[in-house]
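Here is the structure we will look at.
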Amino acid sequence: MAEPLTRVDSAVQGLSSSPPKEKIFHRRTSSSVAGVHSMKELKDSKTEIQVAKETQGTGWKINTSPNSIDEKDILKKPLITPSVRAIDLHFKHGVVVTARNRQGVTIKDAFDAIHKQNKKRADDELDEPYLKGFEWLPDHPQLRDNPEKEEERQEVWDRLYIHLSSTPGVSSFGGSKKKKNKNADAE
148 MAEPLTRVDS AVQGLSSSPP KEKIFHRRTS SSVAGVHSMK ELKDSKTEIQ VAKETQGTGW
208 KINTSPNSID EKDILKKPLI TPSVRAIDLH FKHGVVVTAR NRQGVTIKDA FDAIHKQNKK
268 RADDELDEPY LKGFEWLPDH PQLRDNPEKE EERQEVWDRL YIHLSSTPGV SSFGGSKKKK
328 NKNADAE
């Protein structure tokens, strides 16, 4: 039993070991949905993005659940057109959250990502607790209409910026028509 161990294969006889296996990379078809792109694909093809208008002025408080929004039907709508699997959402103070959904990021996915970041923060910790809306910076006139800023426009192509406010920007914020009519009748 004091014999040295030897290999019993073709390498012992001076032949090369088994040929290196080529790794085959392919996209999983189960995880990709038709019509849903990645932000990288949109950036490479310079596809313009449209942010859903329903996200502007919802009056949603970012440290409360997105289910607290009055208009529940807007939560199912896509955040941007064309649909994407994931998108980075940037706060003005530098924090970045990512909203993901392999079937296309919805407004609820974005609100969930923002809420997850802020749910443990008290109301008095937030200077601006209400969502004002989202902005896709390459669509801003200062970048879009200026050919000298094309490089800067490309840098921010794959981001949405979150705008917050200190007051809820809900369109139904204010008095109703009945109150106005009663005041007019009293005069």
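Read in order, the letters of the sequence shown correspond to residues 148 to 334 in the working numbering. Here a beta-carbon is modelled for each residue, glycine too, at the ideal position from N, C-alpha and C.
Original post:
What are the uninterrupted segments assigned as alpha helix (DSSP H) that are 4 or more residues long and contained completely in the stretch 227-273, given in chain order?
Top reply: For the stretch 227-273, whole alpha helix (DSSP H) runs of length 4 or above, ordered along the chain, are 254-265.
Original post:
Using a Cβ-Cβ cut-off of 7 Å (strictly less than) and excluding sequence neighbours within five positions of serine 212, which residues of its own chain qualify?
Top reply: Here the question's residue 212 lines up with position 65 in the sequence shown. Excluding positions up to five away in sequence, the list reads His262.
Original post:
In the structure shown, what three-state DSSP assignment does glutamate 218 receive?
Top reply: For the purposes of this step, residue 218 is identified with residue 71 of the sequence shown, where counting begins at 1. Coil, per DSSP.
Original post:
When the Cα of histidine 237 is compared with those of Arg291, Lys223, Trp283, which residue comes out closest?
Top reply: Stepping through the sequence shown from its first residue, residue 237 is reached at position 90. Ranking Arg291, Lys223, Trp283 by Cα distance to histidine 237 puts Trp283 first.
Original post:
Who are arginine 306's beta bridge partners in DSSP?
Top reply: One-based indexing of the sequence shown puts residue 306 at position 159. Beta-bridge pairing links arginine 306 to Asp235.
**OP:** Give the single residue among Asp286, Phe258, Gln289, Pro288 whose Cα lies nearest to the Cα of proline 276.
**Re:** Locating residue 276 in the sequence shown gives position 129, counting from the first residue. Minimum Cα distance to proline 276 is reached at Phe258.
Subject >> Endpoints, beta strand (DSSP E) assigned at lysine 279 >> reply: Here residue 279 refers to the residue found at position 132 of the sequence shown. Counting along the chain, the beta strand (DSSP E) containing lysine 279 begins and ends at 277-282.
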